[in-house]
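S.K.: My questions all concern the structure below.
Protein chains: 2
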Amino acid sequence: MSIIQYKDHDRLLVSVDCIIFGFDGIKLRALLIKRGFEPGLGKWSLMGGFVDKKESVDEAASRILNKLTGLNDIYMEQLSCFGDVQRDPGGRVISVAFFALIKIDDYSSSLIEEHNAKWFPLDAVPSLVFDHRQMLKLAKERLKEKISGHPVGFALLPHKFTLQQLQSLYEAIYEQPLDKRNFTRKIHSLNILHKLKEKEKHSSRRGAFYFVFDKKKYEKLDKEGLKFL
Amino acid sequence: MSIIQYKDHDRLLVSVDCIIFGFDGIKLRALLIKRGFEPGLGKWSLMGGFVDKKESVDEAASRILNKLTGLNDIYMEQLSCFGDVQRDPGGRVISVAFFALIKIDDYSSSLIEEHNAKWFPLDAVPSLVFDHRQMLKLAKERLKEKISGHPVGFALLPHKFTLQQLQSLYEAIYEQPLDKRNFTRKIHSLNILHKLKEKEKHSSRRGAFYFVFDKKKYEKLDKEGLKFL
DNA sequence: GCAAAAGTGTTTTGTCTACACCCATGA
DNA sequence: TCATGGGTGTAGACAAAACACTTTTGC
Chain G
1 MSIIQYKDHD RLLVSVDCII FGFDGIKLRA LLIKRGFEPG LGKWSLMGGF VDKKESVDEA
61 ASRILNKLTG LNDIYMEQLS CFGDVQRDPG GRVISVAFFA LIKIDDYSSS LIEEHNAKWF
121 PLDAVPSLVF DHRQMLKLAK ERLKEKISGH PVGFALLPHK FTLQQLQSLY EAIYEQPLDK
181 RNFTRKIHSL NILHKLKEKE KHSSRRGAFY FVFDKKKYEK LDKEGLKFL
Chain R
1001 MSIIQYKDHD RLLVSVDCII FGFDGIKLRA LLIKRGFEPG LGKWSLMGGF VDKKESVDEA
1061 ASRILNKLTG LNDIYMEQLS CFGDVQRDPG GRVISVAFFA LIKIDDYSSS LIEEHNAKWF
1121 PLDAVPSLVF DHRQMLKLAK ERLKEKISGH PVGFALLPHK FTLQQLQSLY EAIYEQPLDK
1181 RNFTRKIHSL NILHKLKEKE KHSSRRGAFY FVFDKKKYEK LDKEGLKFL
């Protein structure tokens, strides 16, 4: 088919939807918006938007995420393309879903208010428009798979964190309790943490040491893969 | 945005490209076509086509695969959406890549001739149009990941096969030799094979028993996941 | 009878799991 | 001094890895 023949084919609206995960210290949460427009006005929804012909799909995802959170350089990964004919009652729109991991406090609250956004614990997500629940479900599964092979969880934690916080995160993602000693040994054996002299003093009298992760070792391990649970 | 506002957004050409894997008994191969049209006329390419507004993206993938191979009910999985602005010199086209696993002899040779298609061993793939090499690379990685957790390899083998053939397939996908005894033990412990009384007599004097797989157990295991290598 | 691939166990090694007590500190 | 979470080691079970010889049979 020539370039001219390309013109004979259907053109479709292409959107991007972002599953934005955060971690509140106890539970995983997803950032959702209350739609201020049709279709689905007043319903909860993932943050999304249309892909412009002058930008790549990845760029569109970054743009849309930035629009809601004000953040750049976020951990983001393409999930899947959702392409059912009837998925959006407003028209034939195919959507590429992305999932993003952000530090829950790192967002611009004014932007979030402007979008009527809210963090929902994953076990208390309201009903969502279109196929967004399915997207969320898939994202959750993918996150679990991902973290079992790559140390991406740090993207959800503050820069410095305690072992307790790290373990809670893994427990939230795996939806099962982990043994503290086995967890500690495993994490330390990966050799990606650096212990600070500073302690977190809010949650206990004794205080727990903060850790940061060693970015170089972390990136190396991210490429190589690991085996966790 | 209202339904009317949907109209204000750009519409894009959406295509599907299929990475079709087969196994010749020794090597993994990919089915490629020699393009008879521009852009990229005369170059090797993945089989692809445009998504029609009346069909889902998955349906488009099945249709396109059927067009080349004449087959239905093929193991197929969505890989990723490729959405760079400049990926196709013929215009702004985003493409959803799928990978398919087929039994290499199960295709209609007349259809393949009609499309100028050819099976290439993965280590001898010619240069490909657009970002198709990248798609192929990703598909290879994904297949490796997939087979380490799900027994999908059977889709690449004939209905009845020897343990030798099965092991060769895993070796081809993992790109490393495996120990015959450990392999046999592992496979048998999964309890998805059924030994036939018939022997394959071409490749040895003694002959090797054929096996078929137990579809029920296989499907159960596919859902649950397994751990292989 | 010999060449060529099929088939078959055991030992060693490392990894995962289960499990409980002392420590440091602020109130 | 005591209540609270922080930090630490070991033994047993299990799974993975390494490794070589005997069997069958067509030629």
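Order-wise, the sequence lines are chains G and R. Just so you know, the first sequence maps onto residues 1 to 229 in this note's numbering. Just so you know, the second sequence maps onto residues 1001 to 1229 in this note's numbering. Glycine included, every Cβ here is placed at the ideal spot set by N, Cα and C.
1. How about Gly1048 (chain R): is its C-beta nearer than 8 Å to some C-beta of chain G?
2. So what does Pro1121 (chain R) bridge to, in DSSP terms?
3. Can you confirm whether Gly22 (chain G), when its beta carbon is compared against all beta carbons of chain R, has any partner nearer than 8 Å?
4. May I ask you to report which of helix, strand or coil DSSP gives Asp1058 (chain R)?
5. Is the beta carbon of Lys197 (chain G) sitting closer than 8 Å to the one on Phe211 (chain G)?
6. Which runs of the beta strand (DSSP E) at least 3 residues long sit entirely within the stretch 30-97 of chain G? Give them in chain order.
7. Suppose contacts are defined by Cβ-Cβ distances below 8 Å. Is Ile1026 (chain R) in contact with Gly1048 (chain R) by that definition?
8. Would you call Pro89 (chain G) buried or exposed, if buried means 16 or more other Cβ atoms sit within 10 Å of its Cβ?
9. DSSP state of Tyr210 (chain G), grouped into three classes?
10. For His1159 (chain R), count neighbouring Cβ atoms within 10 angstroms of its own Cβ and tell me buried if that reaches 16, exposed if not.
11. Starting from Ile956 (chain R) and walking both ways along the beta strand (DSSP E), at which residues does that stretch end?
12. Establish whether the CB of His150 (chain G) and some CB of chain R are separated by less than 8 Å.
13. Nearest to Lys1216 (chain R) by alpha carbon, out of R:Asn1191, R:Lys1227, R:Gly1036?
14. Using a Cβ-Cβ cut-off of less than 8 Å, give me the residues of the stretch 1014-1039 of chain R that come near chain G, in sequence order.
15. Between Lys199 (chain G) and Phe209 (chain G), is the Cβ-Cβ spacing less than 8 Å?
16. Quick one: is Glu1175 (chain R) near chain G, going by C-beta distance under 8 Å?
17. I need the straight-line Cα distance from Leu122 (chain G) to Phe130 (chain G), nearest angstrom please.
18. By the three-class DSSP mapping on this structure, what secondary structure does Glu230 (chain G) have?
19. So what does Phe1154 (chain R) bridge to, in DSSP terms?
20. Go to Leu1013 (chain R), then tell me how far its beta strand (DSSP E) extends in each direction, as first and last residue.
21. Would His233 (chain G) be called buried (16 or more neighbouring beta carbons within 10 Å of its own) or exposed?
22. Among residues of its own chain, excluding the 5 on either side of Lys1054 (chain R), which ones have a beta-carbon nearer than 6 Å to its beta-carbon?
23. Which word fits Leu41 (chain G), buried or exposed, when buried means at least 16 other C-beta atoms lie within 10 angstroms of its C-beta?
24. Near Arg1035 (chain R), what residues of its chain come up, given a Cβ to Cβ distance below 7 Å and the 5 sequence neighbours on each side ignored?
25. Distance cutoff 8 Å, beta carbons only. Does Gly1083 (chain R) sit that close to anything in chain G?
26. To the nearest angstrom, how far is it from the Cα of Ser1002 (chain R) to the Cα of His1009 (chain R)?
27. So Lys1053 (chain R) contacts chain G; which residues on that side make the cut at Cβ distance below 7 Å?
28. Going by C-alpha to C-alpha distance, which of R:Gly1070, R:Ala1124, R:Lys1223 sits closest to Arg1029 (chain R)?
29. Given this structure, state the Cα-to-Cα distance separating Ala61 (chain G) from Ile33 (chain G), to the nearest angstrom.
30. Check the Cβ of Asp58 (chain G) against every Cβ in chain R and list those closer than 7 Å, keeping chain order.
31. Which residue or residues does DSSP assign as beta-bridge partners of Phe99 (chain G)?
32. With a Cβ-Cβ cutoff of 8 Å, do Gly1022 (chain R) and Ile1104 (chain R) count as a contact?
33. So which residues on chain R does Tyr6 (chain G) lean against when the C-beta distance must stay under 7 Å?
34. Near Lys223 (chain G), which residues of its chain fall below 8 Å by C-beta distance, leaving aside the five closest residues on each side in sequence?
M.R.: By the coordinates alone:
1. no
2. R:Arg1029
3. no
4. helix
5. no
6. 47-50, 75-82
7. no
8. Burial call: exposed.
9. strand
10. exposed
11. This structure does not reach residue 956 (chain R), given that chain R is present from 1001 up to 1229, and the question cannot be answered.
12. no
13. Nearest option by C-alpha distance: R:Asn1191.
14. Val1014, Phe1037, Glu1038, Pro1039
15. yes
16. no
17. 18 Å
18. For chain G, the structure presents residues 1 to 229; residue 230 (chain G) sits outside this window and is missing.
19. Partner(s): none; Phe1154 (chain R) has no beta bridge.
20. 1011-1023
21. Residue 233 (chain G) is absent from the structure shown; chain G starts at 1 and stops at 229.
22. none
23. By the 10 Å Cβ count, Leu41 (chain G) comes out exposed.
24. Take Arg1035 (chain R), set aside five residues on each side of it, and the residues of its chain with a beta-carbon closer than 7 Å to its own are Leu1041, Gly1042, Lys1043, Ser1045, Val1129, in chain order.
25. It does: the Cβ of Gly1083 (chain R) has a partner Cβ on chain G nearer than 8 Å.
26. With a pLDDT of 42 at Ser1002 (chain R), under the threshold of 50, the modelled position of that residue is not reliable, and no figure is offered here.
27. Asp10, Leu12, Arg92
28. R:Ala1124
29. 16 Å
30. Gly1083
31. Beta-bridge partners assigned by DSSP to Phe99 (chain G): G:Ile19, G:Glu77.
32. Yes, the pair counts as a contact, with Cβ atoms nearer than the cut-off.
33. Leu1013, Gly1090, Gly1091
34. none
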